[in-house]
Amino acid sequence: MPPVSRDRFVNPYTFVPLPASGVRRASPPLHTEGPEEKRFTGSFTVEWTLQTPLLLPAKAQEEGWLRPDGTVRIPGSAVKGSVRSVHETLFNGCLRIFDSEFLPGYRLPARSGAESDDAPAVLAVVTRSRDGVPLEVAPCDGVEWVESTSLRKAYADRRINRLPRTGDIVTISGVREASELRQANEVFKVTGVSPVSRAAVSRDESATAEAALPDQGSVLLITDTSARRPTRKDGTPADCFWAAGIIGSAQRAVVPEQAAKQFWSACEGSRDRQELRQGERRGDATDWKGATQYARVKWQGQPVGERARATGFLHAGDVVWVTLSVDEATVESIRLARIWRETGTANAGERVPSSLLPCWTIQPGDPRPGTRGPDGGLCLSCTIFGSADTSGAQSGEGRQDAYAGHVRFGSARSAVRVRPLDVQLAPLSSPRLGAGVFTLVDRGTSEELGDIASHWGSTVDQPEPRQLRGRKFYWHVDPDQQAERWTSELRRTTPVLPRYKARDHQSRKGLSRAAQLVPAGTTLTQEITFEGLDDVALQSLLIAIDPARLLTLYRPSARIATHLGGGKPFGLGAVSARITAFSMWHSGDRYGAAATALPDPGFDRSAYPRIVARAGRLENPRAVARLLDLDGAGDWRDHVAYPPGATWDQIDVPNKDRFVPFDESYHFFGEANGERLAGKPSHGIPPHNRPWHPLPPVVEKDGSDARPDLPINPERRGGRR
Numbered sequence: 008m009p010p011v012s013r014d015r016f017v018n019p020y021t022f023v024p025l026p027a028s029g030v031r032r033a034s035p036p037l038h039t040e041g042p043e044e045k046r047f048t049g050s051f052t053v054e055w056t057l058q059t060p061l062l063l064p065a066k067a068q069e070e071g072w073l074r075p076d077g078t079v080r081i082p083g084s085a086v087k088g089s090v091r092s093v094h095e096t097l098f099n100g101c102l103r104i105f106d107s108e109f110l111p112g113y114r115l116p117a118r119s120g121a122e123s124d125d126a127p128a129v130l131a132v133v134t135r136s137r138d139g140v141p142l143e144v145a146p147c148d149g150v151e152w153v154e155s156t157s158l159r160k161a162y163a164d165r166r167i168n169r170l171p172r173t174g175d176i177v178t179i180s181g182v183r184e185a186s187e188l189r190q191a192n193e194v195f196k197v198t199g200v201s202p203v204s205r206a207a208v209s210r211d212e213s214a215t216a217e218a219a220l221p222d223q224g225s226v227l228l229i230t231d232t233s234a235r236r237p238t239r240k241d242g243t244p245a246d247c248f249w250a251a252g253i254i255g256s257a258q259r260a261v262v263p264e265q266a267a268k269q270f271w272s273a274c275e276g277s278r279d280r281q282e283l284r285q286g287e288r289r290g291d292a293t294d295w296k297g298a299t300q301y302a303r304v305k306w307q308g309q310p311v312g313e314r315a316r317a318t319g320f321l322h323a324g325d326v327v328w329v330t331l332s333v334d335e336a337t338v339e340s341i342r343l344a345r346i347w348r349e350t351g352t353a354n355a356g357e358r359v360p361s362s363l364l365p366c367w368t369i370q371p372g373d374p375r376p377g378t379r380g381p382d383g384g385l386c387l388s389c390t391i392f393g394s395a396d397t398s399g400a401q402s403g404e405g406r407q408d409a410y411a412g413h414v415r416f417g418s419a420r421s422a423v424r425v426r427p428l429d430v431q432l433a434p435l436s437s438p439r440l441g442a443g444v445f446t447l448v449d450r451g452t453s454e455e456l457g458d459i460a461s462h463w464g465s466t467v468d469q470p471e472p473r474q475l476r477g478r479k480f481y482w483h484v485d486p487d488q489q490a491e492r493w494t495s496e497l498r499r500t501t502p503v504l505p506r507y508k509a510r511d512h513q514s515r516k517g518l519s520r521a522a523q524l525v526p527a528g529t530t531l532t533q534e535i536t537f538e539g540l541d542d543v544a545l546q547s548l549l550i551a552i553d554p555a556r557l558l559t560l561y562r563p564s565a566r567i568a569t570h571l572g573g574g575k576p577f578g579l580g581a582v583s584a585r586i587t588a589f590s591m592w593h594s595g596d597r598y599g600a601a602a603t604a605l606p607d608p609g610f611d612r613s614a615y616p617r618i619v620a621r622a623g624r625l626e627n628p629r630a631v632a633r634l635l636d637l638d639g640a641g642d643w644r645d646h647v648a649y650p651p652g653a654t655w656d657q658i659d660v661p662n663k664d665r666f667v668p669f670d671e672s673y674h675f676f677g678e679a680n681g682e683r684l685a686g687k688p689s690h691g692i693p694p695h696n697r698p699w700h701p702l703p704p705v706v707e708k709d710g711s712d713a714r715p716d717l718p719i720n721p722e723r724r725g726g727r728r
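First residue of the sequence shown? That's 8 in the working numbering, and the numbers climb one at a time after it.
Shown next as structure tokens:
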């Protein structure tokens with residue numbers, strides 16, 4: 008392995024730019040051949056050969072991926088999704104699977120000024136909700152702050168056999184002192200508590216949950232302590248206080264849909280939601296969408312309470328901070344803590360050209376009613392694979408716009424028994440779409456104090472929101488070979504683990520799961536049938552299945568592979584394709600006695616102008632060719648990893664707390680976010696920005712390979728060492 012660097016890395020994913028020319032749409036063909044048309048119907052076999060191990064789903068046996076006879080079966084729908092993704096990228100398809108309403112949430116910094124003029128100032132209890140969506144809250148009459156350690160002791164003295172929990176309703180005894188910092192009373196030492204109660208929750212026939220509150224008492228809000236300093240500036244232990252809302256008012260405030268949506272978006276990307284989703288992938292049965300989930304909170308190393316996890320769902324009896332309208336009848340924003348999270352601005356749909364939004368009707372030129380989006384007609388991808396309008400734009404009109412595809416994918420099966428590899432799988436990070444340093448087109452940083460360029464809604468988004476970088480693709484890297492080469496390079500006696508294998512600290516925290524891998528070298532065979540495709544659609548379909556047909560024209564030495572299954576960030580599921588057993592007829596002759604079988608057309612270069620005429624200019628084949636090349640990362644192949652928290656010589660090396668700094672990827676996104684800092688003029692440090700390291704392009708403007716690497720640990724401030 009060339010010792011390129013130990014202090015640089017290659018992010019596992021990058022982006023293929025969206026087509027500047029937009030999406031070209033047309034009226035789709037009928038499913039029967041017209042007299043002047045040449046359409047083709049037929050079938051072929053694809054042999055998929057795994058170049059790296061394939062990750063099976065958590066419930067592979069129940070879902071039929073592992074057959075009783077020991078063979079492997081991949082559902083045709085899983086293969087179809089992968090093939091369609093390649094087709095959309097190469098042939099300027101619409102963004103078929105795209106959450107145009109997505110808005111990221113960001114944790115507010117715990118510093119002076121973090122609470123803006125409209126920051127939540129009222130504690131409230133959710134009194135009505137439906138399916139986890141809050142409908143109404145009861146604002147508290149006031150708030151006081153209760154010291155956590157003495158409150159825990161008061162629970163124990165009362166023989167309450169659990170920790171204080173968000174939503175507990177108690178009467179608190181203790182000396183109260185006014186706090187200028189919080190502009191409220193503090194109970195510095197709790198001397199006693201009444202028996203604990205909770206809001207009484209009932210449900211009506213519409214599944215609306217209602218919480219009845221007592222006439223008096225205080226309701227607790229326990230929050231996360233991970234961002235709090237455990238010591239004061241003089242080194243003495245710091246105190247930790249909880250908010251306690253004073254119950255008494257009969258007033259209620261309505262929660263409008265927009266406020267509920269903003270709260271949901273603010274929870275996107277929270278560690279709680281990531282961990283709960285990882286639990287789902289492990290097969291955990293936790294009903295985190297249907298009931299409040301709690302997490303234990305520690306202070307000074309001791310458990311002091313249980314907080315509600317930030318799932319995005321709110322149920323009757325939950326406690327939140329809210330801002331209210333002037334008449335106090337409507338909620339304007341919701342948070343789980345006073346300094347918590349904020350929602351970005353300009354959603355995903357506003358950050359792509361409208362022509363790229365999903366196709367919605369087969370009628371060409373029809374203007375989309377009521378919402379921003381493309382006119383009617385189908386892109387080439389939707390013409391081949393099918394389309395359905397799922398936006399609800401046509402609801403109430405008595406019609407649904409859908410178009411059945413022309414291609415059917417059978418299951419991909421192994422011919423022989425396969426012995427899966429049992430592994431403890433490392434946690435798969437949730438996509439950080441809100442990390443604008445990677446996901447948005449680079450416009451640099453801002454000189455406005457406190458502005459964070461990486462956030463959606465930064466001043467860099469003016470006058471128009473920055474566009475999304477493009478479609479996500481993962482580098483091909485064999486994770487086992489990568490681990491072997493680092494073991495050799497670092498002269499380790501204990502082998503470096505492949506990226507997909509969980510480290511001890513990840514298993515201890517319950518972030519890993521048992522998984523099975525289909526070994527590299529396994530071959531799966533699949534039959535694909537098509538009906539009524541013209542030559543342009545057929546050529547593009549065959550290229551999407553076996554991209555080497557086109558991409559080796561741009562990268563002659565490339566070994567092209569696509570992806571199947573999960574675990575792409577770890578380098579799993581790289582698979583090459585070979586098309587065999589091709590049978591095809593003119594659609595009109597299929598059932599005639601004189602039907603003539605036609606051969607696999609291969610890639611007919613004369614079809615290229617016709618493809619361009621239908622799909623538009625192919626703008627990114629060089630970038631796609633590099634990303635699908637098994638050797639596309641070149642000399643940097645062994646540096647692919649989520650942003651490391653330490654240099655490569657520290658891979659798998661724990662610190663004194665048994666954490667592995669190399670695995671702490673979150674530091675990068677906090678330290679390389681382009682935030683504008685005030686500096687310290689008295690120390691000769693002028694205002695400046697945090698580091699800013701956007702993803703490099705895949706290819707340079709001249710078509711040559713761009714360097715894909717970024718610096719490790721660009722700026723380290725605090726955190727575990």
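For glycine and all other residues, C-beta sits at the position ideal for the given N, C-alpha and C.
Quiz prompt | Rounded separation between Ser204 and Val177 - CA only | solution = Taking the straight line from one Cα to the other gives about 7 Å.
Quiz item: By how many angstroms is the C-alpha of Leu435 removed from the C-alpha of Gln285?
Solution: Those two C-alpha atoms are separated by around 8 Å.
Quiz prompt | Beta-carbon proximity list for Arg348, same chain, < 8 Å, skipping 5 on both sides | solution = Spatial neighbours of Arg348 in its own chain (CB-CB distance under 8 Å, excluding positions within 5 residues in sequence) are listed in chain order as Gly112, Tyr113, Arg114, Leu115, Ala273, Cys274, Ser277, Ala317 and Arg342.
Quiz item: First and last residue of the beta strand (DSSP E) that includes Arg492?
Solution: Note, Arg492: premise wrong, no beta strand (DSSP E); alpha helix (DSSP H) at Pro486 to Glu496.
Quiz item: Which residues in the same chain as Gln223 place their Cβ atom closer than 7 Å to its Cβ, once the five residues preceding and following it in sequence are excluded?
Solution: Result list for Gln223: Ile254 and Gly255, in chain order.
Quiz prompt | Three-way DSSP call (helix, strand, coil) for Ser209 in this model | solution = In this structure, Ser209 counts as strand in the three-state DSSP scheme.
Exercise. State whether the region 297 to 315 contacts the region 92 to 104, with contact taken as three or more CB pairs (one from each stretch) at a distance under 8 Å.
Key: Result no; under three Cβ-Cβ pairs closer than 8 Å.
Practice problem: Please go through the region 286 to 350 and give each complete beta strand (DSSP E) segment of 3 or more residues, from N-terminal end onward. | Solution: List check, beta strand (DSSP E) in window: 301 to 306, 309 to 315, 326 to 331, 338 to 342 and 348 to 350.
Quiz item: Is it true that the CB of Thr654 sits closer than 7 Å to the CB of Asp14?
Solution: With respect to the 7 Å criterion, Asp14 and Thr654 are classified as neighbours on the basis of their beta carbons.
Quiz item: Is the region 481 to 499 close to the region 571 to 582, with three or more CB pairs under 8 Å?
Solution: Yes, the region 481 to 499 is in contact with the region 571 to 582.
Self-check item: Cβ contact check for the region 558 to 575 and the region 635 to 653: 3 or more pairs under 8 Å
Solution: Segments in contact, yes.
Practice problem: Report all residues from its chain with a CB closer than 7 Å to the CB of Ser155; omit the five preceding and five following residues, and keep chain order. | Solution: Apart from sequence neighbours up to five positions away, the residues of its chain that approach Ser155 with a beta-carbon distance below 7 Å are Cys247, Phe248, Trp249, Trp306, Val311 and Gly312, ordered along the chain.
Quiz item: Roughly how many angstroms lie between the CA atoms of Thr587 and Glu54, to the nearest whole one?
Solution: Thr587 and Glu54 have their C-alpha atoms some 7 Å from each other.
Quiz item: Straight-line CA distance for Glu471 to Arg424?
Solution: Going from the Cα of Glu471 to the Cα of Arg424 covers about 56 Å.
Quiz item: Residues in its own chain within less than 6 Å of Thr390 by CB, not counting five upstream and five downstream?
Solution: Only Pro35 meet the Cβ criterion.
Practice problem: Would you check if there are 3 or more beta carbon pairs closer than 8 Å linking the region 624 to 635 to the region 702 to 714? | Solution: They touch, by the three-pair rule.
Quiz item: When DSSP builds the beta bridges, which residues end up paired with Lys575?
Solution: According to DSSP, which records beta bridges pairwise, Lys575 is partnered with nothing at all.
Quiz item: Does the beta-carbon distance from Val23 to Phe480 come in below 7 Å?
Solution: Against a cut-off of 7 Å, the Cβ pair of Phe480 and Val23 comes out as a contact.
Quiz item: If you follow the beta strand (DSSP E) that Ser583 is part of, which residue opens it and which one closes it?
Solution: Ser583 -> beta strand (DSSP E) spans Ala581 to His593.
Quiz item: Taking Arg733 as the reference, which of Val444, Gly139 and Leu428 has the closest Cα?
Solution: Nothing in the structure corresponds to residue 733, since the chain is present only between 8 and 728.
Practice problem: Please check the pair Asp656 and Leu497, which I expect to be a contact at CB under 8 Å, by giving their CB distance rounded to whole angstroms. | Solution: Rounded, the Cβ-Cβ distance is 6 Å, consistent with contact.
Quiz item: To the nearest angstrom, how far is it from the Cα of His646 to the Cα of Ala490?
Solution: Rounded to whole angstroms, His646 to Ala490 spans 10 Å at the Cα level.
Practice problem: Measuring alpha carbon to alpha carbon, tell me which of Val326, Trp493, Arg499 and Arg515 ends up nearest Arg506. | Solution: Shortest Cα-Cα distance from Arg506 to any of Val326, Trp493, Arg499 and Arg515 involves Trp493.
Quiz item: For the 8 Å Cβ check, are there 3 or more pairs between the region 521 to 538 and the region 60 to 78?
Solution: With a cut-off of 8 Å, the region 60 to 78 and the region 521 to 538 count as touching, because enough Cβ pairs lie within range.
Practice problem: Identify every residue that forms a DSSP beta bridge with Glu54. | Solution: Its beta-bridge partners are Thr532 and Arg585.
Quiz item: Who are the near neighbours of Ser119 in its chain, counting only those whose CB is closer than 8 Å to its CB and skipping five residues on each side?
Solution: Model confidence at Ser119 stands at a pLDDT of 40, short of 50, so the residue's coordinates are unreliable and nothing is read from them.
Quiz item: How about Leu321 and Val132: do their beta carbons lie closer than 7 Å?
Solution: The criterion of a C-beta distance shorter than 7 Å is not satisfied by Leu321 and Val132.
Practice problem: Tell me whether the beta-carbon of Lys87 lies closer than 7 Å to the beta-carbon of Phe537. | Solution: No.
Exercise. Note down the Cα distance separating Ser547 from Phe392, rounded to an integer number of angstroms.
Key: Going by the C-alpha atoms only, they are around 12 Å apart.
Quiz prompt | Close beta carbons around Arg210, own chain, < 8 Å, minus the five adjacent residues each side | solution = Taken in chain order, the residues that qualify are Ala216 and Glu217.
Self-check item: Candidates Arg236, Gly199 and Arg135, of which the one nearest Asp164 by Cα
Solution: Nearest to Asp164 by alpha-carbon distance, out of Arg236, Gly199 and Arg135, is Gly199.
Quiz item: Which first and last residues belong to the alpha helix (DSSP H) in which Thr390 is found?
Solution: Start and end: Leu387 to Phe392.
Exercise. Go to Pro616, then tell me how far its beta strand (DSSP E) extends in each direction, as first and last residue.
Key: Under the DSSP assignment, Pro616 falls outside any beta strand (DSSP E), being part of the alpha helix (DSSP H) whose first and last residues are Tyr615 to Ala622.
Quiz item: Considering only the beta carbon of each residue, do Thr48 and Ser418 sit closer than 7 Å?
Solution: No Cβ-Cβ contact shorter than 7 Å links Thr48 with Ser418.
Quiz item: So what's Ala126 in DSSP terms, helix, strand or just coil?
Solution: Because Ala126 sits at a pLDDT of 49, beneath the cut-off of 50, its placement in the model cannot be relied upon, and the following sentence gives the value as read from the coordinates. The three-state secondary structure of Ala126, taken from DSSP, is coil.
Exercise. Sort Arg420, Pro688, His700 and Ala251 by Cα distance to Arg450 and report the nearest one.
Key: Just measuring C-alpha positions, the residue of Arg420, Pro688, His700 and Ala251 sitting nearest Arg450 is His700.
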